[in-house]
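A.B. asks: Got a structure here, written out as structure tokens. Questions coming.
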Amino acid sequence: MTIEIPKLAYTGKIKEILLGQEGNNITVGGESCYPFHLFEGTMPHPPKIAMEVYDSVPEDWPEAAIEPFADVIHDPVAWAGKCIDVYGAEMIALQMASTDPNAENIPADKAAAIAKKVSDETDVPLIVWGCGDVDKDAEVLRSVCEICDGRNLIIGPVAEGNYRAIGATAIAYNHTVVASTPIDINLAKQLNILLGNLNVSDDKLIIDPSIGVIGYGLEYTYSVMERIRMAALTQEDERLQFPIILDLAKDVWKTKEVKLSEEEAPLLGNQKKRGILFEALTAQCLLMAGADVLIMRHPEAIALVKESIEELMNRREG
Amino acid sequence: MGLSGIEIFKKLPKTNCGKCGVPTCLAFAMKLATGQAEIEACPDISEEVKEEIGEASAPPVRTVIIGAGERAVKIGGEAFMFRHEKRFENPPVFTLFLSDKMDEETVSDRLTRFNNAVYERVGVVMRPELIAIKGDSGESSRFEALAAKVCRETDAGFVLMNEDTEALSRTVRACSGRKPLIYAATGNNLETLGNLALEFSCPLAVKGNNLEELAGFAERLVGMGLKDLVLDSGARTAGKVLEDQIIIRRSALMKRFKPFGFPTIVFPCEMTDDPMKEAMIACQMMTKYGSIIVLSGIEGHSIFPLLLASMNIFTDPQRPMTVEEKIYEIGAVDENSPVIITGNFSLTYFIVSGEIDSSRVPVYLLIKDTEGLSVLTAWAAGKFGADTIGVFIKKSGIEDRIKHRKLVIPGYLSSISGELEEELPGWKVLVGPREASHLPAYLKQLSQQ
Chain A
-9 MTIEIPKLAY
1 TGKIKEILLG
11 QEGNNITVGG
21 ESCYPFHLFE
31 GTMPHPPKIA
41 MEVYDSVPED
51 WPEAAIEPFA
61 DVIHDPVAWA
71 GKCIDVYGAE
81 MIALQMASTD
91 PNAENIPADK
101 AAAIAKKVSD
111 ETDVPLIVWG
121 CGDVDKDAEV
131 LRSVCEICDG
141 RNLIIGPVAE
151 GNYRAIGATA
161 IAYNHTVVAS
171 TPIDINLAKQ
181 LNILLGNLNV
191 SDDKLIIDPS
201 IGVIGYGLEY
211 TYSVMERIRM
221 AALTQEDERL
231 QFPIILDLAK
241 DVWKTKEVKL
251 SEEEAPLLGN
261 QKKRGILFEA
271 LTAQCLLMAG
281 ADVLIMRHPE
291 AIALVKESIE
301 ELMNRREG
Chain B
23 MGLSGIEIFK
33 KLPKTNCGKC
43 GVPTCLAFAM
53 KLATGQAEIE
63 ACPDISEEVK
73 EEIGEASAPP
83 VRTVIIGAGE
93 RAVKIGGEAF
103 MFRHEKRFEN
113 PPVFTLFLSD
123 KMDEETVSDR
133 LTRFNNAVYE
143 RVGVVMRPEL
153 IAIKGDSGES
163 SRFEALAAKV
173 CRETDAGFVL
183 MNEDTEALSR
193 TVRACSGRKP
203 LIYAATGNNL
213 ETLGNLALEF
223 SCPLAVKGNN
233 LEELAGFAER
243 LVGMGLKDLV
253 LDSGARTAGK
263 VLEDQIIIRR
273 SALMKRFKPF
283 GFPTIVFPCE
293 MTDDPMKEAM
303 IACQMMTKYG
313 SIIVLSGIEG
323 HSIFPLLLAS
333 MNIFTDPQRP
343 MTVEEKIYEI
353 GAVDENSPVI
363 ITGNFSLTYF
373 IVSGEIDSSR
383 VPVYLLIKDT
393 EGLSVLTAWA
403 AGKFGADTIG
413 VFIKKSGIED
423 RIKHRKLVIP
433 GYLSSISGEL
443 EEELPGWKVL
453 VGPREASHLP
463 AYLKQLSQQ
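Chains A and B are the protein sequences, given in the same order.
Its first residue numbered -9, the first sequence is counted upward by one per residue in our numbering.
Its first residue numbered 23, the second sequence is counted upward by one per residue in our numbering.
If you want it as structure tokens, here you go:
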């Protein structure tokens, strides 16, 4: 019996964004169909994973997350090096956690110096991610943009409250920005318009719809991503045709379900494997909803997700 | 779906008798059209019209029930490609694979893990639901013995898989009361298994080597009068399964292609030997349209995140999940422990309780019913103002459990603190942080005072 395959007529396409600099460029985006719907469109650049590196020794991480990095955890440069040399990281995401006013609150110039050092020593595209405090991020990320002039860093999160300050500086020093909004398609579109008005060029923009992980609002992120892709690909919503990035590891590894030991919760099984799967399965769901860049932590979770991407790009029978 | 509310209304008795639970026939028709009511509820309608309307208002993916009694599970019933379009109906059913080649000990161990894997979250019980029993030893007595053992040791529903049609028929006959899913009609055995399923009113899986073959087989079975089918397109690689699942769902929804208007069965257990990769594949199938997902084993560290993710994706987007209004004790609380109040939106509860937990400061967390709204929205809607909080605190019984009279409210509600102190004489209202992530620092500071 022959079947007529019901195909969608996509009218839009996700923009291709060139990350990094000459010699280590990576392109993301470019999809002309829903995630992995390769029977009716193309995904020229399969999703990428950026490995996390912290600007200071992280607190409160479960043992399983520290273990792979125990020898480099005091030194962001060495940490990034290990991610690239040992774990084959395609990108690095430097988390500026110690700039948080509620934590160590290190000053902007000190933070920028750390970013500069990591940037100098890292030969893959580098994301520099602020602590999430709107005012402090404006200060820190502007300094980072300035001191890493011309490196085409990926700078985020850029939010409604600081997009002018960070956006303008990013343009001046030629970086890519991550437009971050709290799980709302309209706010996402609006911030993209605002950044456009500010003259951030379309090939320097990635969007972050905000993360909810398994058990903690995954469905909100999942649906807002599907809606963004639907608007971008089938409703010609030109201001939503950007690649999507998600900062997921932080939220995964702080959940109670990942922190409980096997003794405390025997029905939840092996704690290390559980943590890895909470991270990898969260990523898997986000891939199915349209993620282009995933900021991840555990090397084993990353290996699982990489393999899954390869499998999903493949159409062999079997 | 097929018929509009008005079209359905024309076929109803128009007596407005109210026996269906809806006051008027028109209102009932509207509910039928949106899938919120079942035609069976109308007692005064001919079988003929019932069938016509039932068919037209049925979801494009048929609802199929597997198993009997309390543990019977529903699959399918889907009418959308994306959850945000309205909602997904029935979460996928994670299924344990057992083979009659396994030794006694392995089977018992897997069954125990299966039976133990029961989790509760926001009042919902999550668990793997079915057991797939495969005959591949070539000895029908082993297959029958295994099926009998599973029958005895669990009340879960099951899938019977055997290429030996006679052994399969005998076993189905022996446990037909449990309404197992028969796997699988394909090629030569199509008619025999079709008749077997009809005779015992059991659901039947149909397998093709590709979508074309599957459609042909399914069409023949539908022609034989079978109603409860489950589809297997034969794909056993992640990319191909994804593609087939999308095409099956779309054909049912967009083209009303009858042979594909059924739930599906998928087999991560046959696609890898690595249990971690298997979980990844199962997760993909959970999001994209697998109905029965067969796993090689049930381990807490993989089944729990799978079930939780599935609960997330299958939550009704229009109805926020809520937790019960009550006092939650976090840690070893005593009469001096701090008291924190927030709303009953489940996400708020999980994030706040998680942060309190990681602070290691024992806390009484008071959850007030805000109808699933977040703190600010609830306040704006008049469900989280000083007056309602005051009444709730008094009747909650917290005053008998603590010596102090200090209440921490969410940072976003700072403006009501004065008013709340008036509502609660003797209490001191403290304004907590705006973001839950700042709770640990706040609590540590508070407990030092």
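Just so it is clear, CB atoms sit at the ideal spot from N, CA and C, and this is done for glycine as well.
Since this is a predicted model, take the numbers as computed values, not measurements.
1) Whose Cβ in chain B lies nearer than 7 Å to the Cβ of R217 of chain A?
2) Going along the region 55 to 75 of chain B in order, which residues come within less than 8 Å of chain A, judged by CB to CB distance?
3) Okay, do the region 242 to 250 of chain B and the region 226 to 233 of chain B touch, 3+ Cβ pairs below 8 Å being the bar?
4) Does DSSP classify F222 of chain B as helix, strand or coil?
5) If contacts are defined as beta-carbon pairs under 8 Å, then T166 of chain A and I7 of chain A qualify, I think. What distance do you get, rounded to the angstrom?
6) Per DSSP, what kind of secondary structure is T224 of chain A in: helix, strand or coil?
7) Could you please tell me which residues of the region 34 to 52 of chain A, in chain order, have their CB closer than 7 Å to any CB of chain B?
8) Just how far apart, CA to CA, sit I292 of chain A and L267 of chain A?
9) By a C-beta neighbour count over all protein chains shown, 10 Å radius and 16 as the cutoff for buried, is V413 of chain B buried or exposed?
10) Leaving out the 5 sequence neighbours to the left and right, which residues in its chain are closer than 6 Å to L236 of chain A when beta-carbon positions are compared?
11) Taking the beta strand (DSSP E) that Y44 of chain A falls in, what are its first and last residues?
12) Excluding five sequence neighbours on each side, which residues of the same chain lie with their C-beta closer than 8 Å to the C-beta of N15 of chain A?
13) What are the start and end residues of the beta strand (DSSP E) that includes Q85 of chain A?
14) With a cut-off of 8 Å, do at least 3 Cβ pairs link the region 213 to 230 of chain A to the region 294 to 305 of chain A?
15) How would you call R195 of chain B, buried or exposed, if buried means at least 16 neighbouring beta carbons within 10 angstroms?
16) Give every residue of the same chain whose Cβ lies closer than 7 Å to the Cβ of E136 of chain A, excluding the five residues on either side of it in the sequence, and list them in chain order.
17) Starting from W69 of chain A, trace the beta strand (DSSP E) in both directions and tell me its first and last residue.
18) Quick check: what's the CA-CA separation for V140 of chain B versus A54 of chain A?
19) Which partner residues of I287 of chain B appear in the DSSP bridge assignment?
20) Measure the alpha-carbon distance for M23 of chain B versus F26 of chain A and round it to whole angstroms.
21) Of all Cβ atoms in chain A, is any one closer than 7 Å to the Cβ of E265 of chain B?
22) Measuring CA to CA, which of B:N366, B:R84, B:S459 is closest to T286 of chain B?
23) For chain A, is any of its Cβ atoms less than 7 Å away from the one on K277 of chain B?
24) In chain B, which residues lie less than 7 Å from I204 of chain A when you measure between Cβ atoms?
25) Going by the CB atoms, is the gap between L54 of chain B and I320 of chain B shorter than 7 Å?
26) Across which residues does DSSP place Y141 of chain B in a beta bridge pair?
27) Following the continuous alpha helix (DSSP H) through V181 of chain B, name the residue where it begins and the one where it ends.
28) How many Å lie between P384 of chain B and E445 of chain B at the Cα?
29) Identify the continuous alpha helix (DSSP H) that holds A402 of chain B and give its terminal residues.
30) Given that A(-1) of chain A touches chain B, what residues does it touch there, using C-beta distances under 7 Å?
31) Hey, Q274 of chain A and C305 of chain B are a contact pair by Cβ (cut 8 Å); roughly how many whole angstroms apart?
32) What residues in its chain sit with their C-beta under 8 Å from that of C23 of chain A, if we drop five residues either side in the sequence?
33) Assuming contact is defined by CB atoms lying nearer than 7 Å, are S133 of chain A and S88 of chain A in contact in what I supplied?
34) Beta-carbon of L383 of chain A versus every beta-carbon of chain B: anything under 7 Å?
35) Between L18 of chain B and chain A, is the shortest Cβ-Cβ distance under 7 Å, so that the two count as touching?
36) Report the residue from B:V451, B:Q267, B:M52, B:S273 whose alpha carbon sits nearest the alpha carbon of I315 of chain B.
C.D. replies: From the atom records:
1) Those are H106, listed as they occur along chain B.
2) Residues: none.
3) Output reads yes: the region 226 to 233 of chain B touches the region 242 to 250 of chain B.
4) For F222 of chain B, the three-state secondary structure derived from DSSP is helix.
5) Rounded, the Cβ-Cβ distance is 7 Å, consistent with contact.
6) Annotated three-state conformation of T224 of chain A is helix, per DSSP.
7) Residues are counted here when their Cβ sits less than 7 Å from a Cβ of chain B; for the region 34 to 52 of chain A these are D50, given in chain order.
8) Their backbone Cα atoms lie some 10 Å apart in a straight line.
9) Its Cβ having fewer than 16 others within 10 Å, V413 of chain B is exposed.
10) Closer than 6 Å at the Cβ level, and outside the excluded window around L236 of chain A, lie I201, L276, A281, L284.
11) In the DSSP assignment, Y44 of chain A falls within the unbroken beta strand (DSSP E) covering 38 to 44.
12) Around N15 of chain A: L8, L9, P115.
13) Here the beta strand (DSSP E) through Q85 of chain A covers 81 to 85.
14) The region 213 to 230 of chain A, when compared against the region 294 to 305 of chain A, does not touch it at the 8 Å Cβ threshold.
15) Flag for R195 of chain B reads exposed.
16) Within the same chain, T159, Y163 come within 7 Å of E136 of chain A by CB-CB distance, once the 5 residues on both sides are set aside.
17) Where W69 of chain A is concerned, there is no enclosing beta strand (DSSP E), although the alpha helix (DSSP H) it sits in stretches over 66 to 75.
18) Their Cα atoms are separated by approximately 25 Å.
19) For I287 of chain B, which the question treats as bridged, DSSP gives the partners B:I314.
20) The pLDDT assigned to M23 of chain B is 47, lower than 50, so where the model puts this residue is not dependable, and the model offers no usable value.
21) Taking 7 Å as the CB threshold, E265 of chain B lines the interface with chain A.
22) Taking only the C-alpha atoms, the option nearest T286 of chain B is B:R84.
23) Answer yes: the Cβ-Cβ gap between K277 of chain B and chain A drops below 7 Å somewhere.
24) Per Cβ cutoff of 7 Å: P327, L330, A331, N334.
25) No.
26) The beta-bridge partner set that DSSP reports for Y141 of chain B consists of B:M148.
27) Careful: V181 of chain B lies outside any alpha helix (DSSP H), inside the beta strand (DSSP E) at 179 to 184.
28) Those two C-alpha atoms are separated by around 26 Å.
29) Where A402 of chain B is concerned, the enclosing alpha helix (DSSP H) stretches over 397 to 402.
30) Per Cβ cutoff of 7 Å: no residues; A(-1) of chain A is ~12 Å from chain B at best.
31) That pair is a contact at about 5 Å.
32) Close CB contacts of C23 of chain A within its chain, under the 8 Å cut and outside five residues either way in sequence, are with L(-2), Y0, E30, G31, T32, M33, L223 (chain order).
33) In this structure, the beta-carbon distance from S133 of chain A to S88 of chain A does not fall below 7 Å.
34) No information on residue 383 of chain A is available, as it lies outside the stretch -9 to 308 that chain A covers here.
35) As displayed, chain B neither begins before 23 nor continues past 471, which places residue 18 of chain B out of reach and without an answer.
36) The closest CA to that of I315 of chain B, considering only B:V451, B:Q267, B:M52, B:S273, is found on B:Q267.
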